[in-house]
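Each remark here refers to the structure printed beneath this line.
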Amino acid sequence: MSKPVTLENTSRRDALIEIEKKYQAIWAEEKPFEIDAPTDEEEPYGTPVEKLHEDYPKWFATMAYPYMNGVLHAGHAFTYSKVDFGIGFERLRGKKALFPLGFHCTGMPILASADKLKREIEMFGEDFSGAPSKEEEEKEIAEDEKRKQAISHHEDVTKFTTKKSKVAEKAGRGKFQFEILEQLGVPKEDIKKFADPQHWLQYFPPLVKKHVTRFGGRVDWRRSMTTTDINPYYDSFVRWQMNHLKELGKIKFGKRYTIYSVKDGQPCMDHDRQSGEAVLPQEYTGIKIQVTGFTDDAIKFFQEKGFELEGKKIYLVAATLRPETMYGQTCCFVSRKIDYGLFSVGNGEYYICTKRAFKNMSYQDLTPKRGDFDETLIVNGSLLVGSKIHAPLAEIQSLRVLPMETILEAKGTGVVTCVPSDSPDDFVTIRDLYTKPDYYGIEESWVVKDPIAIVGTPKYGDKCAEYLVNELKIHSPKDTAQLTKAKELAYKEGYYSGKLLKGKYAGQSVEEAKPKVKNDLVAAGEAIVYNEPESLVVSRSGDQCIVSLEDQWYLDYGEKNWKAQAVSCLEHMTTYNSETKNAFEGVFDWLKNWAVSRTYGLGTRIPWDPKYLVESLSDSTVYHAYYTVSHFLHSDFYGRKPGLFPISADQMTAQVWDYIFCRRDDIDSDIPKKYLQRMRREFEYFFPLDESISAKDLIPNHLTFYIYVSVALFKKQFWPAGIRINGHLLLNNAKMSKSTGNFRTLYQLVERFGADASRVAMADAGDTVEDANFDESNANAAILRLYNLKEWCEAMNSDTGSLRTGELNFFDKAFDNEMDLLINETYGHYADTHYKLALKSGFFDYHYARDYYRDVSALYGGMHRDVVFKYMETQAIMLYPVTPHFAEYLYRGVLGHKESINCAKWPTPSKPVSKEITAELEYVRSLQRSVREAEIQALKKKKKGKASDVDKTKDVKLTFFVATSFPEWQDKYVEVVRKLFEESKLDDMKEVRQHIDGKDMKVVMPFVSILKKELETSKPEEVFNRELPFDEVETVKSTFPVLEKAPAQVKVAEVTAVAFKAGDKTGKDVKTGEEVEIPNSKSIQTAVPGQPGVFIRNI
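For reference, each letter of the sequence shown is one residue, going 9 to 1107 in our numbering.
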């Protein structure tokens, strides 16, 4: 992690912020970001959409609307900036570029936070003065740790006790809710108001609007809204969606397994989670392994607890993903480290498993009473080891319970059935138990040493676990990395290529037999279907979630025909990179039905079943369509103040929404037809959404749902056109974290660095799906760079007398040409949404080109007025997408344009970029570098204490030896390489050598390698045509003033050039015409056209 920047002198930053605030005030008056579709006067209603877009090009982009349980942080700002940069660029392309931004308030996070705050007010008072200080809390936690360490290890392990104090139990709670709000900048005296969930909706949306505006946001705020039924228009819009999806058969009702919060009493969907986003239920087959005889210690324990074993059936429930392998069971594993529960499931049957697993079961119709997961007894695993068991389908009728050290209490049921033929973990553990029975406290006879072959595989035979353990040299159950690899290989080979060798389905593929074996076991009462979360899921209320079998309304994502439409949409959509498309395809493969109903939170009631709310990821799928008409309906965020048209929420019937969204052409409504036509025009003009930008974590839910619902509700022409994904944002090369202090809100960034400098650092942070990095040092450097540019432009504008006019010299033309080159390059980067590269070419490289021109022009009478003013104007325009305020200042404040840069167009070069001038300028720059390299060599001390070739205290003469031809051998072998290239034989080195004379081999082969490398990156005609597009000798002569300034340590008193033909011993001095001897120096002898030799010697 790089250190946060310490700001000392802020005068430059403050000057830039003053500019930002000035133009934000002007824009607030001018309203340049309020964008409308063409009116009926401009294009009559009924005009084909294609013609509308041809006459009035448009761009519609937005980001996932932010959730209003706080202000925007730097990560939000990073995603936001991508939309805003694109909007700025599309404006420069002459498009009506629309960027609306709403506020998401649906779901449980706000209500849960409000309820949490209510409890804190009850506990600590309205001023929270009763809350424990950090020091008090840390002290009590430390004392609790001491108490725990003092507990005797002889304590009865069958008793579940906890000695955590109430404060210690909160050790992992994070901050109190009032502390979180305080950190967000809410005054402490106002925090109590947030106990009312509606206050969040009143407080944060205006604040977010203020912060985004301060960041330079090009947002059409007329179109903003809050979700939930607080806004009756949005509420109507969501009800319209739900009704249509139900009519289309996309919403269904039934029992389904879902992630569930017991504390909240409802399903816990992605937006309701503190952690575990995109985690789904994992289905296991719970094998009921009957205990046929407990150990003496276990029997004694049951007797002491008053539990009568007689007449009861007790099962160890082992969760497995491979029920088809049960024919090969040789034992059952438990952990001595786990306290298991003995749970009654009715009819004299009891399950032994972890309490966490039974809690899941109690919500899956597997227990007598829903939600009752109290254990009858707690039994430590050590008491179960050695017990006799009968396992369903096992060939061996009587097996034993054995210990396994690697069982996790938080995964499965805590009981593992052993199939050593196909499970590398089981095989290694059995091998360990057999060789060290005394160490594990078991009898050798309990261990079935040899695996039973049950699945045949082409790669690994019929005992794939044993094969892989030996192949990967796995020696111990602790070789976790190798075991994980072996397990993946075994499962993949077994499932996709294996055939069952045992049982009723012998001869069938594992893929085919697996569900049949599972169904048979469940039907016979020898197994249960058991689900739990794939990994830990914690709700925003702090509850560790389970899987519950719920009666609920759900969206039937994954249904064959619907999925086919979604896939078709993806195929025609712009995703900007293959990683994004691949990620969506992966989600399409696994995504199935999704709960749409909930009972707790904020939102819209399900129209046909109002006891339920629409969950937060289901009311936020196609809100982009609502943006197109929201400003007609209401002028505030909440639907309380009328919009442009006097339409009530009650008038927004299903027919009206259908008409607006082009689902029907006839309409029966009391809303005037002209209003309906105008709203429909807005939708059909701006749709489809050209670009939705979000972070990558929204692909598995929000963005995939957006595709699905769009294809269900809209005509194909309105399906999503593009989705751009960015990675998460690091801050100073470290993950953002409030607890470590490495955290910035959007407003904090703007206050610290100003809007434009922050935006430069955002653009420079990165554009891929990998995590990007906001480096505060880049934001700080941007302040200096922008300020210096401001000062320079002001100076140029006020002192035009210092600038030349009239004919352009070479460096004027070269700078003008280089500007055109960089303008075109920057345009391409912006069009590809590569903002980091656009910043490089359109600002950093542009700046370097200007600096070079400024420096060399000082040697030729100064800079030319025309190219300087072209630079200032084009620099302003190219910076506009990234730094709108600064660009506006240059455009209006310095250059004096009457209209805003918001109306400017991308600068189009008046002539093609000259390759000749580009090559000549690069030649001069390369020659300057060669001079510096020659200087270093000339000043280098020689071996054995000999003096260097040049004494830097004395003046020197700088001579350029310019070769006017290539060596004959090079011309000869260029033609050889050309011929072999055209015949596609250049990679055949044997063929190449046959065309090279033996005497030439040593010098020619490196030359051929150079040409081959050039052919990989350049066009063949450029490689084989080595003639320079300019007069090299004349270029060297005309740039003597620049070249003599190139050395850094010696003073050049005289400069000249000598032209010579390759191989000649003498050449001609281009200044005097005298014949000059060519020095026997390697750098000179190897000189070729375009690469002159440089010679420096004292005079």
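Note that CB positions come from ideal geometry on N, CA and C, so glycine has one too.
Just so we're clear, the structure is a prediction, and the values are computed from it rather than from any experiment.
| Item | Value |
| --- | --- |
| For Pro-331 and Thr-465, I'd like the C-alpha separation in whole angstroms. | 17 Å |
| From what residue to what residue does the beta strand (DSSP E) around Met-71 run? | 66-71 |
| Restricting to Cα atoms, I'd like to know which of Pro-1014, Thr-1080, Glu-976 is closest to Gly-1071. | Glu-976 |
| Can you give me the C-alpha to C-alpha distance between Gly-394 and Pro-400, rounded to a whole angstrom? | 18 Å |
| Assuming His-837 is part of the beta strand (DSSP E), what are its boundary residues? | Taken as a continuous stretch (DSSP letters only), His-837 belongs to no beta strand (DSSP E), being part of the alpha helix (DSSP H) at 818-839. |
| At which residues does the alpha helix (DSSP H) containing Asp-93 begin and terminate? | Checking the displayed sequence, the identity of residue 93 turns out to be Phe instead of Asp. Where Phe-93 is concerned, the enclosing alpha helix (DSSP H) stretches over 82-100. |
| Looking only at C-alpha atoms, which of Gly-511, Lys-512, Lys-493, Gln-516 sits nearest to Tyr-504? | Gln-516 |
| Counting along the chain, where does the beta strand (DSSP E) carrying Trp-561 start and finish? | 554-563 |
| Would you say Leu-509 and Val-463 are within 8 Å of each other, going by their C-beta atoms? | yes |
| Can you name the residues that DSSP bridges to His-4? | With the chain covering only 9 through 1107, there is no way to say anything about residue 4. |
| Return the chain-ordered list of same chain residues with a C-beta closer than 7 Å to the C-beta of Gly-1081, the five sequence neighbours on each side being excluded. | none |
| With 16 as the cutoff for other CB atoms within 10 Å, does Thr-538 come out buried or exposed? | Before going on, a small fix: residue 538 reads as Tyr here, not Thr. Tyr-538 should be labelled buried. |
| Could you pull out every unbroken alpha helix (DSSP H) segment of at least 4 residues lying fully inside the segment 252-315, listed in chain order? | 304-312 |
| From Pro-195 to Pro-12, what does the alpha carbon distance come to, in whole angstroms? | 26 Å |
| Taking the C-alpha atoms as reference points, what is the distance between Ala-633 and Phe-695? | 8 Å |
| Which residues mark the beginning and the end of the alpha helix (DSSP H) in which Leu-903 is found? | Leu-903 -> no alpha helix (DSSP H), and no H or E assigned at all. |
| Take Phe-381 and list the residues in its own chain whose beta-carbon comes closer than 6 Å to its own, dropping the five residues that flank it on each side. | Phe-366, Lys-367, Ser-370 |
| On the CB-based measure, 16 or more other CB atoms within 10 Å of its CB, does Val-1 come out buried or exposed? | Nothing in the structure corresponds to residue 1, since the chain is present only between 9 and 1107. |
| Quick check on the DSSP output: what are the complete alpha helix (DSSP H) runs of length 4 or more inside the segment 418-497, in order along the chain? | 432-443, 445-448, 472-479 |
| Alpha carbons only, please: which of Arg-408, Thr-414, Val-424 is nearest the one belonging to Glu-451? | Arg-408 |
| Specify, as a first and last residue, the run of the beta strand (DSSP E) that Leu-738 falls within. | 737-739 |
| If you count every other CB in all the chains shown that lies within 10 Å of the CB of Lys-171, and 16 or more means buried, which is it? | Confidence at Lys-171 is low in this model, with a pLDDT of 31, below 50, so its placement is unreliable and the value that follows should be read with caution. Exposed. |
| Hey, would you say Glu-1040 sits closer than 8 Å to Pro-1097, going by beta carbons? | yes |
| From which residue to which residue does the beta strand (DSSP E) around Asn-1033 run? | Here Asn-1033 belongs to no beta strand (DSSP E), and DSSP marks it neither H nor E. |
| Can you tell me the Cβ-Cβ gap for Met-233 and Gly-110, rounded? I've got them flagged as a contact below 8 Å. | 5 Å |
| Between Cys-339, Lys-345, Thr-375, which lies nearest to Phe-351 when the distance is taken from Cα to Cα? | Thr-375 |
| Under 8 Å by Cβ, that's how I've got Ile-554 and Tyr-359 pegged, so tell me the actual separation to the nearest angstrom. | Not a contact, Cβ separation roughly 16 Å. |
| May I have the straight-line CA-CA distance separating Glu-255 from Ala-603, to the nearest angstrom? | 17 Å |
| Where does the unbroken alpha helix (DSSP H) through Phe-366 begin, and where does it stop? | 363-369 |
| If you measure between the beta carbons of Ala-763 and Arg-222, is that distance less than 8 Å? | yes |
| Report the CB separation of Gly-224 from Glu-28 in whole angstroms; it is logged as a contact under 8 Å. | 7 Å |
| In angstroms with no decimal places, state the Cα-to-Cα distance between Cys-472 and Glu-501. | 9 Å |
| Distance check for Asp-228 and Ala-572, CA to CA, integer angstroms please. | 35 Å |
| My output table needs one value for Lys-178: the three-state DSSP class, helix, strand or coil. | Summary for Lys-178: the model assigns pLDDT 35, below 50, so the residue's position carries little reliability, and this model does not support an answer. |
| Leaving out five residues on either side along the sequence, give the residues of the same chain with a beta carbon under 8 Å from the beta carbon of Leu-792. | Arg-20 |
| Is there a Cβ from chain B that is less than 8 Å from the Cβ of Phe-212? | In summary, chain B is missing from the structure at hand, where a single protein chain is found. |
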